[in-house]
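Reviewing the structure listed below.
Shown next as structure tokens:
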């Protein structure tokens with residue numbers, strides 16, 4: 001079990017009220033929260049995948065990130081109400097749901113958890129910075145090739161099925177995360193598949 005609030009409590013056999021921490025299972029396509037809802041619990045993904053994003057004025061989804069087991073999401077209430085996103089399950093998911101105040105108190109008052117939480121935050125910031133750098137500096141082909149390995153990781157959903165994130169994300173999701181259009185992403189991926197087919201060893205150079 002990866003280190004975090006849940007494992008910390010379990011290892012010390014600390015019992016917590018269901019109002020402060022509970023585990024839920026949701027089906028694929030479940031809208032966990034959406035605007036204008038600004039008050040949410042803190043969610044930890046135990047299994048499955050979740051998409052977070054927002055909506056255009058026309059109501060179209062814009063993907064911010066694709067989250068996998070071990071990731072946390074929700075409104076930590078540090079931004080003075082500047083929170084407007086949706087979260088949707090891409091597969092059957094198992095989530096650990098923490099009361100916001102309980103989560104923040106636990107992390108703040110436990111040095112080992114505080115250090116862990118800083119590491120989690122820095123890792124997410126680094127991921128965002130790398131994607132912004134790619135959007136500003138790489139060619140369309142390089143952008144797609146750089147992000148695809150993230151989606152090729154094998155994970156388990158809440159039903160026990162193993163899958164790669166590439167199976168559940170759309171071309172539009174990849175486009176949103178790379179600053180490209182869906183058509184450009186599709187073209188780049190078709191061209192890369194064509195080159196792999198022609199390569200004698202099946203490896204893309």
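Residue numbers (UniProt numbering): 1 to 205. Think of the CB as a built atom: it goes at the ideal place given N, C-alpha and C, for glycine as much as any other residue. Quick caveat: nothing in here was measured; it's all calculated off a predicted structure.
Residue i and residue j closer than 8 Å at C-beta
i: residue 61; j: residue 53; result: yes
i: residue 70; j: residue 2; result: yes
i: residue 169; j: residue 39; result: no
i: residue 171; j: residue 88; result: no
i: residue 120; j: residue 150; result: no
i: residue 100; j: residue 57; result: no
i: residue 96; j: residue 163; result: no
i: residue 91; j: residue 48; result: yes
Cβ neighbours of residue i in the same chain (closer than 7 Å, five flanking residues each side left out)
i: residue 9; result: 16
i: residue 63; result: 51, 53, 173, 176 and 177
i: residue 117; result: 107
Under the three-state DSSP convention, the category residue i falls into
i: residue 108; result: helix
i: residue 51; result: strand
i: residue 114; result: helix
i: residue 180; result: coil
i: residue 26; result: strand
i: residue 96; result: strand
i: residue 15; result: coil
i: residue 87; result: strand
i: residue 207; result: The shown model of the chain, from 1 to 205, leaves out residue 207, and the question about it has no answer.
i: residue 172; result: helix
i: residue 32; result: strand
i: residue 156; result: strand
i: residue 43; result: strand
i: residue 102; result: helix
Residues near residue i in its chain [Cβ-Cβ closer than 8 Å; skip 5 each side]
i: residue 131; result: 147, 177 and 178
i: residue 144; result: 174, 178, 180, 185, 188, 189 and 192
i: residue 27; result: 89 and 92
Other residues of its chain near residue i: CB distance less than 6 Å, five sequence neighbours each side excluded
i: residue 25; result: 94 and 158
i: residue 141; result: 188
i: residue 68; result: 49 and 155
Distance between residue j and residue i (C-alpha atoms, nearest Å)
i: residue 110; j: residue 98; result: 16 Å
i: residue 125; j: residue 165; result: 21 Å
i: residue 4; j: residue 113; result: 7 Å
i: residue 46; j: residue 138; result: 34 Å
i: residue 12; j: residue 127; result: 32 Å
i: residue 133; j: residue 123; result: 15 Å
i: residue 102; j: residue 75; result: 13 Å
i: residue 129; j: residue 136; result: 11 Å
i: residue 213; j: residue 14; result: Any question about residue 213 goes unanswered here, given that the chain covers just 1 to 205.
i: residue 155; j: residue 183; result: 28 Å
i: residue 152; j: residue 29; result: 21 Å
i: residue 55; j: residue 104; result: 28 Å
i: residue 59; j: residue 115; result: 39 Å
Taking 8 Å as the cut-off, does the stretch 16-28 touch the stretch 64-80 (at least 3 CB pairs, one atom from each stretch)? no
| the stretch 22-39 in contact with the stretch 81-99 per 3-pair CB rule at 8 Å | In short, these stretches touch, since the Cβ pair count reaches three.
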